[in-house]
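Colleague: Questions regarding the structure given below will be posed in turn.
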Amino acid sequence: MAFPKSLLTKLFIVLVLLFSSSTSLQLAKATRPVRGETWRIVGRKVPVIQSLQRGPVTPSGSNPSTYIPGGK
9 MAFPKSLLTK LFIVLVLLFS SSTSLQLAKA TRPVRGETWR IVGRKVPVIQ SLQRGPVTPS
69 GSNPSTYIPG GK
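In terms of my numbering, the sequence shown is residues 9 to 80.
Next comes the structure, spelled out in structure tokens:
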């Protein structure tokens, strides 16, 4: 059973749009509205969004279970 080329093209476009929208939602999780600031766009108030920096990463240490007791 072969699908028409136009159907495959439409399916591909829909899948690309779904994938791109899901990745943009993931990026929006690391944002927060700036307190008290809003933009006016065509009569609507839209909150200004600020991107957050990542927190500090603790340095990785050696695993204590790899040490042999009494050995150096």
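All C-beta atoms, glycine included, are put in the ideal place defined by N, C-alpha and C.
For Leu19 and Val65, I'd like the C-alpha separation in whole angstroms.
Modeller: For this step, residue 19 is matched to residue 11 along the sequence shown. For this step, residue 65 is matched to residue 57 along the sequence shown. Computed Cα separation, rounded: 42 Å.
Colleague: May I have the straight-line CA-CA distance separating Arg62 from Pro12, to the nearest angstrom?
Modeller: To locate residue 62, count along the sequence shown from 1; it is residue 54. To locate residue 12, count along the sequence shown from 1; it is residue 4. Straight-line Cα distance between these residues: approximately 47 Å.
Colleague: Here's a check: name, in chain order, each residue in its chain whose Cβ is nearer than 7 Å to the Cβ of Leu23, leaving out the five neighbours to either side.
Modeller: Sequence index remark: in the sequence shown, residue 23 carries index 15 (1-based). For Leu23, where only same-chain residues beyond five positions count, there are no Cβ hits under 7 Å.
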